[in-house]
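As structure tokens, the structure follows; a few thoughts come after it.
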Amino acid sequence: QINLYSIAEFRRNEGLVSQLGIPGSWVPLTMLCVGEAGDAPDFITKKRPKPPVKDVVFDEFWGIRHTPLA
Numbered sequence: 049q050i051n052l053y054s055i056a057e058f059r060r061n062e063g064l065v066s067q068l069g070i071p072g073s074w075v076p077l078t079m080l081c082v083g084e085a086g087d088a089p090d091f092i093t094k095k096r097p098k099p100p101v102k103d104v105v106f107d108e109f110w111g112i113r114h115t116p117l118a
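Taking the working numbering, the leading residue of the sequence shown gets 49, the next gets one more, and so forth.
Written as structure tokens, this is what we have:
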């Protein structure tokens, strides 16, 4: 079985372009990662505590706490 994972947003295009040797005149829009299925790594199969939503959801910039509308 083949696994496919897509990445559709790049915050730092210049780093991606230089690391992958993409010509500077091109703008990457998405990347497809393809590989063979294997055993799931521990970070997927083991339960982990999740931080409260208020600690990971921000408005506009990192660190500006989200204020719910309702």
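All C-beta atoms, glycine included, are put in the ideal place defined by N, C-alpha and C.
Item, Value
"With a Cβ-Cβ cutoff of 8 Å, do I112 and V82 count as a contact?", "no"
"Taking only three categories from DSSP, how would you classify E108?", "coil"
"Distance check for S66 and D87, CA to CA, integer angstroms please.", "32 Å"
"Could you spell out where the beta strand (DSSP E) holding S66 opens and where it closes?", "Unbroken run through S66 is the alpha helix (DSSP H), 61-68; no beta strand (DSSP E)."
"Taking DSSP as the reference, what is the three-state secondary structure of V101?", "helix"
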